[in-house]
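These protein sequence lines map, in sequence, to chains A, B, C and D. Mapped onto the UniProt record's numbering, the consecutive letters of the first sequence carry residue numbers 1 to 219. Mapped onto the UniProt record's numbering, the consecutive letters of the second sequence carry residue numbers 1 to 219. Mapped onto the UniProt record's numbering, the consecutive letters of the third sequence carry residue numbers 1 to 219. Mapped onto the UniProt record's numbering, the consecutive letters of the fourth sequence carry residue numbers 1 to 219. Ideal Cβ placement from N, Cα and C applies to all residues, glycine included. As the structure is a computational prediction, the values presented were derived from the model and not from experiment. Take a look at the structure set out below.
4 protein chains.
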Amino acid sequence: MAAPARPLPATVRGARTRAALVAAARRVFERDGYLDAKLTDIAKVAGCATGSFYTYFTNKEEIFAAVLEQAQQDMMHPGMGRVSDTDDPYAVLEASNRAYLEAYRRNAKLMGLLEQVAQVDPEFRAFRSRRADAFIARNAAGIADLQERGIAGADVDPQLASRALSGMVSRLAYGIFVAGEVPDGAGVDFDAIVDTVTRLWANALNMNSDSTRAIGTCP
Amino acid sequence: MAAPARPLPATVRGARTRAALVAAARRVFERDGYLDAKLTDIAKVAGCATGSFYTYFTNKEEIFAAVLEQAQQDMMHPGMGRVSDTDDPYAVLEASNRAYLEAYRRNAKLMGLLEQVAQVDPEFRAFRSRRADAFIARNAAGIADLQERGIAGADVDPQLASRALSGMVSRLAYGIFVAGEVPDGAGVDFDAIVDTVTRLWANALNMNSDSTRAIGTCP
Amino acid sequence: MAAPARPLPATVRGARTRAALVAAARRVFERDGYLDAKLTDIAKVAGCATGSFYTYFTNKEEIFAAVLEQAQQDMMHPGMGRVSDTDDPYAVLEASNRAYLEAYRRNAKLMGLLEQVAQVDPEFRAFRSRRADAFIARNAAGIADLQERGIAGADVDPQLASRALSGMVSRLAYGIFVAGEVPDGAGVDFDAIVDTVTRLWANALNMNSDSTRAIGTCP
Amino acid sequence: MAAPARPLPATVRGARTRAALVAAARRVFERDGYLDAKLTDIAKVAGCATGSFYTYFTNKEEIFAAVLEQAQQDMMHPGMGRVSDTDDPYAVLEASNRAYLEAYRRNAKLMGLLEQVAQVDPEFRAFRSRRADAFIARNAAGIADLQERGIAGADVDPQLASRALSGMVSRLAYGIFVAGEVPDGAGVDFDAIVDTVTRLWANALNMNSDSTRAIGTCP
DNA sequence: GATGAATGAGGATTCATTCAT
DNA sequence: CATGAATGAATCCTCATTCAT
């Protein structure tokens with residue numbers, strides 16, 4: 001991560017080649033996995049000579065970082081940070097989860113790759129951690145906000161709760177969209193997942209919504 | 001995973017060598033990671049010749065399976081399956097979580113390795129899945145049981161909920177014990193983790209415990 | 001070394017670029033050594049594009065030759081050839097040695113480079129030989145002259161003696177100025193080196209100077 | 001140079017292979033030069049697989065060191081250190097020079113290689129320096145001894161003189177045996193070289209031998 | 001059973017040189 | 001003249017696996 005060691009292309013032709021390499025890399029990574037991906041192959045798929053790879057990248061890590069960077073914009077999610085922006089916390093939570101899961105599904109292969117690379121390369125392990133931490137921090141802030149406003153139960157530490165619940169969502173997303181762990185048969189559709197996750201999250205925080213969406217019953 | 005292709009040692013000396021190799025393998029795997037572990041090194045650490053490795057194992061996967069097998073007994077956890085064995089569901093849940101987290105912590109390095117290997121080797125990916133599924137199934141049964149007994153809210157699918165909540169715990173365990181993600185500073189101790197996880201789980205299921213541990217308030 | 005294969009620049013801009021390249025080459029060669037110097041780097045340091053290099057030079061050898069050529073004027077030394085020009089042979093010898101050693105010291109890095117390149121490139125090995133031979137020949141002539149005039153002993157072959165003694169000086173210069181072999185501690189200053197070398201040389205030739213600088217005693 | 005990073009062979013077969021590799025390396029180095037020598041070639045010439053090279057050596061440097069080590073015994077020379085052991089200093093000097101030049105001639109190709117490698121690899125530059133320094137130190141001791149005994153003139157610093165004169169011999173040896181600088185035609189035979197070098201050396205030190213070999217004439 | 005030397009396929013990487021703009 | 005991207009041949013090195021002793 002960090003800025004590419006190699007200078008960015010100065011000409012149009014250069015930019016085109018670099019882009020072709022990044023696109024090819026994504027394809028090869030998704031096809032062969034990070035470890036089995038050969039730089040030779042990436043160059044071949046990009047339609048250029050092996051040496052050209054080194055004009056823009058130093059090694060496999062670097063081009064994977066470029067692939068990630070390119071996909072990053074699409075991977076941004078709102079989180080619960082803006083929970084206070086609206087009147088209905090539950091709706092916000094649901095929207096947040098939906099956005100996260102949709103982005104995850106859209107980039108499922110890449111997320112799987114990141115998971116793989118993180119197991120192998122410390123630099124990307126750190127990257128993944130940073131990404132997760134940002135998500136967790138935003139959600140922790142949202143939880144704390146709800147607690148202050150009396151909407152969520154005050155009996156859990158926002159940080160730890162956020163870490164647990166955020167992990168719940170990301171783990172589930174990984175399991176379903178990447179690992180193909182299908183809950184029970186193929187019958188679980190996307191909405192059901194969003195719904196369940198949101199319910200569990202809300203209940204876990206004891207969110208006593210005044211809305212009609214109230215979950216569980218209090219005798 | 002599957003029975004060893006090589007016959008188990010027939011002599012005492014053979015048994016000793018095999019055991020030395022498995023022990024050495026665990027050390028080398030934990031030291032270098034699965035990918036960087038060399039069979040040569042394992043043999044060296046075990047104090048025997050390279051060739052002797054092949055007397056007992058066919059390849060790296062196989063000896064990793066042996067390492068896993070050896071540790072498996074310690075990794076068995078009760079889950080919530082026995083929820084009905086006692087009168088206090090919350091206590092059972094907590095005990096289950098504690099047992100899981102303790103086992104995870106005890107074998108943290110190995111769990112991290114399994115995570116790594118699963119990213120690389122399909123066979124172990126399947127192994128990990130089976131292991132997780134068993135856990136999830138047991139917990140799903142427990143949840144269904146609670147729902148039937150009216151102790152847990154009936155508004156979630158037991159399977160999906162179990163998958164989400166079990167994932168929450170295992171993901172948190174991985175993050176804290178393997179990846180070293182420390183929640184907030186160093187102040188979060190083991191009991192707080194067990195407590196929080198259990199609370200979130202119970203709340204998520206809307207478990208209306210009559211015990212004094214009741215969480216959240218129902219007017 | 002031979003005329004440049006590429007035509008000398010016709011325009012002012014061209015001359016400037018060529019000069020920049022030669023200067024850059026000297027810096028890069030002295031910094032990285034001949035073998036590790038990359039043409040790419042030379043162009044970069046010269047502040048021009050890679051391709052521009054080939055406008056003026058065909059390859060690394062050629063630009064090294066240009067660097068050498070540029071420094072050559074400064075590397076000219078009188079030798080002993082003009083020994084007969086003056087009345088005091090010893091003074092001439094000393095002046096000759098001093099001039100040689102000063103020039104060597106001034107261009108130490110380049111001389112080191114030449115030594116390196118000569119080990120690698122036959123063309124420059126020949127160049128170095130020609131340079132040395134010229135020096136040796138001049139000194140041989142001087143020795144022969146002294147022998148004829150009865151100033152030097154006639155018991156050695158002027159050619160071989162010149163080769164040995166000239167080699168002595170150049171080897172010492174290399175050792176001290178390039179390789180950093182410091183005689184005894186750091187206490188040996190330049191004058192001492194000139195003095196010692198001259199003495200040894202004069203004695204070796206049995207130069208019976210009538211001057212007061214006479215070395216050794218003849219009963 | 002330092003102990004080999006790879007363990008020495010434990011079996012006879014191993015020793016044979018290692019020896020074959022060292023012998024092959026010497027041949028390939030002498031044939032192709034250090035820089036152009038390919039490890040692949042060495043293995044091929046040794047009649048074994050590429051990988052076997054790495055069983056005994058880490059890289060080209062290391063096997064070159066082994067080649068050098070093997071030749072070292074033959075390259076030991078007496079120097080002038082034992083000058084006082086005999087009655088005739090001049091004879092000792094001559095014997096010393098002869099031994100040095102003979103050893104140099106015997107290992108000319110290797111000496112040339114060392115010269116080349118020293119220009120490229122700092123480790124071998126250091127090795128060459130150590131070797132030279134040892135030689136210089138021994139000769140310096142000899143010179144000092146002669147000076148004390150009144151046999152050599154006391155007007156030069158033994159260290160610096162030794163460095164200069166030792167360099168004279170080694171430089172001449174290199175020029176004649178390695179670089180093929182033939183003094184004047186092909187007529188200079190080995191004895192003449194020994195004789196001239198010894199004379200120059202003795203004269204340079206103003207050695208007033210009482211022997212009949214007295215050089216130069218004092219009117 | 002144990003030993004440890006031998007094997008060799010396979011991929012990353014460099015950089016002088018060319019040429020279209 | 002200047003530019004700088006594209007080229008690709010050529011070598012190093014690793015390590016799982018075999019097998020003669």
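Residues A118 of the same chain have their beta carbon placed closer than 7 Å to that of R125/C, with the five preceding and five following residues left out of the count. Per the Cβ contact rule, the region 137 to 152 of chain A is not in contact with the region 136 to 152 of chain B (fewer than 3 Cβ pairs under 8 Å).
Among the CB atoms of chain B, none fall inside 9 Å of the CB of R105/A. For the options V120/C, E115/C, A15/C and A152/C, the alpha carbon positioned closest to that of L200/D is the one of A152/C. Contact with chain B is absent for Q147/A, since none of that chain's Cβ atoms lies less than 9 Å from the residue's Cβ.
Distance from the CA of T17/A to the CA of L39/A, rounded to the nearest whole angstrom, comes to 15 Å. In the structure shown, A65/A adopts helical secondary structure according to DSSP, grouped into three states. Near chain D, meaning a CB-to-CB distance below 7 Å, the residues of the region 13 to 39 of chain C are L35. Of L110/B, E94/B and C48/B, the smallest CA-CA separation from R13/B is found for C48/B. Against chain A, the beta carbon of S129/B has neighbours under 8 Å at A179 and E181, listed in chain order.
Rounded to whole angstroms, the Cβ separation of L172/D and A71/C is 27 Å, and the two are not in contact under 8 Å.
Using a Cβ-Cβ cut-off of 8 Å, M168/A is close to A164, L165, G167, M168 and R171 of chain B, given in chain order. Against chain A, a Cβ distance below 7 Å from A204/B picks out L200, N203 and A204.
Between D155/B and the set L205/B, L114/B, A108/B and S129/B, the nearest pair of CA atoms involves L205/B. When secondary structure is reduced to three states using DSSP, N208/A falls in the coil class, being assigned neither helix nor strand. Counting only residues of its own chain and dropping the five nearest sequence neighbours on each side, L35/A has a CB closer than 7 Å to the CB of V120. In this chain, R149/C is not harboured by any alpha helix (DSSP H), its DSSP state being neither H nor E. A distance below 9 Å separates the beta carbons of G167/C and G175/D.
Taking a C-beta distance under 9 Å as the contact criterion, T55/D and R6/D qualify as a contact pair. Look at E115/C: its C-beta is under 9 Å from a C-beta on chain D.
Taking every protein chain shown into account, the CB of R26/D has 16 or more other CB atoms within 10 angstroms, so this residue is buried. Between A108/C and V178/C, the beta carbon gap of about 5 Å places them in contact (Cβ cut-off 8 Å). Contact residues of the region 57 to 73 of chain C toward chain D are absent (C-beta to C-beta distance below 8 Å). Residue contact with chain A for A192/B: present (Cβ-Cβ distance below 9 Å to some residue of chain A). Here DSSP, grouped into helix, strand and coil, assigns N59/C to coil.
At a Cβ-Cβ threshold of 9 Å, A37/A and R31/A count as neighbours. Look at T196/A: its C-beta is under 9 Å from a C-beta on chain B.
In this structure, V169/C is the residue among P122/C, V169/C and T11/C with its C-alpha nearest to the C-alpha of R105/C. DSSP, reduced to helix, strand and coil, places D133/B within a helical segment of the structure shown. With respect to chain B, the C-beta atom of R125/A has a partner C-beta closer than 9 Å. R149/D and Y100/C have their alpha carbons spaced roughly 34 Å apart.
Contact check for V28/D and R98/D: beta-carbon distance about 31 Å, past the 8 Å limit, so the pair fails to qualify. Under the Cβ distance rule, L101/A does not count among the residues neighbouring chain B, no pair being separated by less than 9 Å. Each residue's CA atom was taken as its position, placing A192/D and F64/D some 33 Å apart. A direct Cα-to-Cα measurement between V45/A and E61/A gives close to 18 Å.
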